[in-house]
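In what follows, a single structure is set out as structure tokens and then discussed.
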Amino acid sequence: MAERRLTVARVPDEPRPLPARYLTPLDVAELLGVPIETVYQWRRKRTGPRGFRVGRHLRYDPNDVRAWVESLMEGAVA
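So for the sequence shown, the working numbering puts the first residue at 8; every next one is plus one.
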């Protein structure tokens, strides 16, 4: 039988401060060197970095983008 691992989400002691600036889809595309349509496809497929809407505008937290890239790098190493 396969071994299962449970992880416990840590609740931060203090709220995380807001970043100086949230990223737009164009910022993410330029940062990662991919076409902007790729960023929108990731959003539709729910495979890219976690984004959120401010009204009708899509934004990304730089920390979430960084964490997503790091998760991809961990998967590539394994």
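Even glycine gets a Cβ: it sits at the ideal position worked out from N, Cα and C.
Assuming contact is defined by CB atoms lying nearer than 9 Å, are residue i and residue j in contact in what I supplied?
i	j	result
Val72	Val35	yes
Pro69	Pro26	yes
Gly58	Arg66	yes
Pro56	Val76	yes
To the nearest angstrom, report how far apart residue i and residue j are at their CA atoms.
i	j	result
Tyr47	Arg12	32 Å
Glu37	Pro22	29 Å
Between residue i and residue j, how many whole angstroms is the CB-CB distance? I'm expecting something under 8 Å.
i	j	result
Leu30	Ile43	Going by Cβ atoms, the distance from Leu30 to Ile43 rounds to 12 Å, so no, they are not a contact pair.
> In chain order, which alpha helix (DSSP H) runs of at least 4 residues are fully inside the region 45-85?
Replying inline: Taking only runs of at least 4 residues, the alpha helix (DSSP H) segments lying wholly in the region 45-85 are 69-84.
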